[in-house]
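Enquirer:
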Amino acid sequence: MNTLLVLLGPTGVGKTEWSLQIAERLKSSILSADSRQIYKQMSIGTAAATEGQLKRVPHHFVGMLEPEDYYSASQFEDDAVPLIENLLKTHLYVVMTGGSMMYIDAVCKGIDEIPTIDEKLRKEIYELYKKEGLDAIRARLKILDPVFYNEVDLKNPKRVIHALEVCLMAGKPYSSLRTNPNKERSFRIVKVGFTRDRNELYNRINQRVDQMIEDGLMEEARKLYPKRHLNSLNTVGYKELFEYFAGNCTLDFAIDKIKQHSRNYARKQLTWFNRDKEIHWINLSENNSDAITEIINLTTHIAPK
919 MNTLLVLLGP
929 TGVGKTEWSL
939 QIAERLKSSI
949 LSADSRQIYK
959 QMSIGTAAAT
969 EGQLKRVPHH
979 FVGMLEPEDY
989 YSASQFEDDA
999 VPLIENLLKT
1009 HLYVVMTGGS
1019 MMYIDAVCKG
1029 IDEIPTIDEK
1039 LRKEIYELYK
1049 KEGLDAIRAR
1059 LKILDPVFYN
1069 EVDLKNPKRV
1079 IHALEVCLMA
1089 GKPYSSLRTN
1099 PNKERSFRIV
1109 KVGFTRDRNE
1119 LYNRINQRVD
1129 QMIEDGLMEE
1139 ARKLYPKRHL
1149 NSLNTVGYKE
1159 LFEYFAGNCT
1169 LDFAIDKIKQ
1179 HSRNYARKQL
1189 TWFNRDKEIH
1199 WINLSENNSD
1209 AITEIINLTT
1219 HIAPK
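Sequential numbering of the sequence shown, starting at 919, is according to the numbering used here.
1. With DSSP as the reference, label Lys1027 as helix, strand or coil.
2. Under 7 Å Cβ to Cβ from Gly932, same chain only, skipping five residues before and after it: list those, please.
3. Would you mind stating whether Glu986 and Arg1040 have Cβ atoms separated by less than 9 Å?
4. Start and end of the beta strand (DSSP E) containing Thr1015?
5. Output the distance between the C-alpha atoms of His1219 and Arg1103, rounded to the nearest integer angstrom.
6. Report the option in Ala1184, Lys1186, Asn1182, Arg1126 whose CA atom is closest to the CA atom of Ile962.
7. Does the beta-carbon of Thr1008 have 16 or more other beta-carbons within 10 angstroms, so that it is buried, or is it exposed?
8. Look up Lys1109 in the DSSP assignment and give the residues it is bridged to.
9. Is the beta carbon of Leu949 closer than 9 Å to that of Ile1214?
10. Find out if the Cβ-Cβ distance for the pair Ile1210, Gln971 is shorter than 9 Å.
11. Measuring CB to CB, does Leu926 end up less than 9 Å from Ile1123?
12. Report the partner residues of Leu1086 according to the DSSP bridge assignment.
13. Around the Cβ of Pro1064, are there at least 16 other Cβ atoms within 10 angstroms (buried) or fewer (exposed)?
14. Report yes if the C-beta distance between Ala1055 and Pro1075 is below 9 Å; otherwise report no.
15. Who are the near neighbours of Pro1091 in its chain, counting only those whose CB is closer than 7 Å to its CB and skipping five residues on each side?
16. Taking the alpha carbon of Lys1027 as the point to measure from, which residue in Asn1004, His977, Ala965, Val1108 has its own alpha carbon closest?
17. State the DSSP-derived secondary structure class of Glu1132, mapped to helix, strand or coil.
18. Going straight from the alpha carbon of Lys1048 to that of Met960, what length do you get?
19. Which residues in the same chain have their Cβ closer than 8 Å to the Cβ of Lys1223, if we skip the five residues on either side of it in sequence?
20. Can you list, in chain order, the residues of its chain whose CB lies under 6 Å from that of Pro976, leaving out five sequence neighbours each side?
21. Taking only three categories from DSSP, how would you classify Ser1203?
22. Once you ignore the five residues that flank Gln1187 on each side, which residues in its own chain have a CB closer than 8 Å to its CB?
23. What does the alpha-carbon distance come out to for the pair Asp997 and Leu1095?
24. Just reading off the beta strand (DSSP E) that Leu1059 is part of, what are its end residues?
25. Among Lys958, Leu922, His978, whose alpha-carbon lies nearest the alpha-carbon of Lys1141?
26. Please report how far the alpha carbon of Leu1006 lies from the alpha carbon of Asp1115, in whole angstroms.
27. What are the uninterrupted segments assigned as beta strand (DSSP E) that are 3 or more residues long and contained completely in the segment 1139–1219, given in chain order?
28. Starting from the C-beta of Glu1138, find all residues in its chain whose C-beta is less than 8 Å away, skip the five residues before and the five after it, and write them out in chain order.
29. Taking the straight line between their C-alpha atoms, what separation do you get for Asn1205 and Glu1212?
30. So what's Leu1039 in DSSP terms, helix, strand or just coil?
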């Protein structure tokens, strides 16, 4: 059966170069499962594929939307699954790589049918958030969906606001729509996770942030500053620099916060991925000279029926 190879792992682990080498070996294009690399004007802060890397291997879902555009994991499922099926008509393998947990699950397992949020409603809720704060959003969510209210991280504005949007748009509790489907796919799925020893991973993350600053992240973020209210820019690397531009902290403090928040996100990713027992893990801190061969063998081996 034709196969989707999913290469995943925490931010900073080194997925990009490994994915390029493996895609070249398998003669595959690459689908990016990254909820921020999909946007234009954000290439440095999201560590999107460079022009040279894009020339090595064709990529999908990189720099295809404006920061103002709304996009969700559900839409990614709707767009990515048919594309994978179409690519597998002429290729034995397709590579998908990224660290956005919901995007990966949307393709591999399927996602609940959540209604598209009307832009007018979205603006109304964000106006409420700006005027009355997160407490007002929480209070409305508690009334409309007490079940999800008791489950959600109430300190996470993005999650709380999204849940309220869905409640109002669907006319029913968000929790009632979350059925956790496990949809059948017409292709075989192999998942390989990259990890590293914690100290090495954290050092790589810190060094990558320094490299982003050197590569022009400050200038990229400054151009996006007028759009800082957008959900797409509620992203590590940008939101900390926006605080600096607003005069709320020093540059050194902002850079330290980018590193800290990136490390926190890496831990969150690993916690999420470690729940998935289908992932074959490769520790890149160890001798990985045969890692590509190991991954190719996993991908090309068809288990007997």
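Think of the CB as a built atom: it goes at the ideal place given N, C-alpha and C, for glycine as much as any other residue.
Expert: To lay it out plainly:
1. coil
2. Phe1112, Leu1202
3. Arg1040 sits away from Glu986, with the two beta carbons spaced by 9 Å or more.
4. Thr1015 -> beta strand (DSSP E) spans 1011–1016.
5. 18 Å
6. Arg1126
7. Under this definition Thr1008 is an exposed residue.
8. Val924, Ile1197
9. no
10. no
11. no
12. Beta-bridge pairing links Leu1086 to no other residue.
13. Around the beta carbon of Pro1064, a 10 Å sphere encloses fewer than 16 other beta carbons of the protein chains shown; the residue is thus reported as exposed.
14. Looking at the sequence itself, residue 1055 is Ile, so the reference to Ala does not match. Taking C-beta atoms as the reference points, Ile1055 and Pro1075 count as a pair closer than 9 Å.
15. Leu1062, Asp1063, Val1065, Phe1066, Cys1085
16. Comparing Cα-Cα distances from Lys1027 to each of Asn1004, His977, Ala965, Val1108, the minimum goes to Val1108.
17. DSSP places Glu1132 in helix when its eight states are reduced to three.
18. 25 Å
19. Because the pLDDT at Lys1223 is just 40, under 50, the model does not fix this residue reliably, and the value given afterwards should be weighed accordingly. None.
20. Only Ser947 meet the Cβ criterion.
21. Residue state, collapsed to three classes: coil.
22. Gly927, Pro928, Thr929, Gly1017, Met1019
23. Straight-line Cα distance between these residues: approximately 21 Å.
24. Per DSSP, Leu1059 belongs to no beta strand (DSSP E); it is in the alpha helix (DSSP H), 1052–1062.
25. Checked all of Lys958, Leu922, His978; the closest Cα to Lys1141 is Lys958.
26. Whole-angstrom Cα-Cα distance: 35 Å.
27. 1197–1201
28. Within the same chain, and ignoring the five residues on either side of Glu1138 in sequence, the residues whose Cβ sits closer than 8 Å to its Cβ are Gln959, Met960, Ser961, Ile962, Gly963.
29. 12 Å
30. It is helical.
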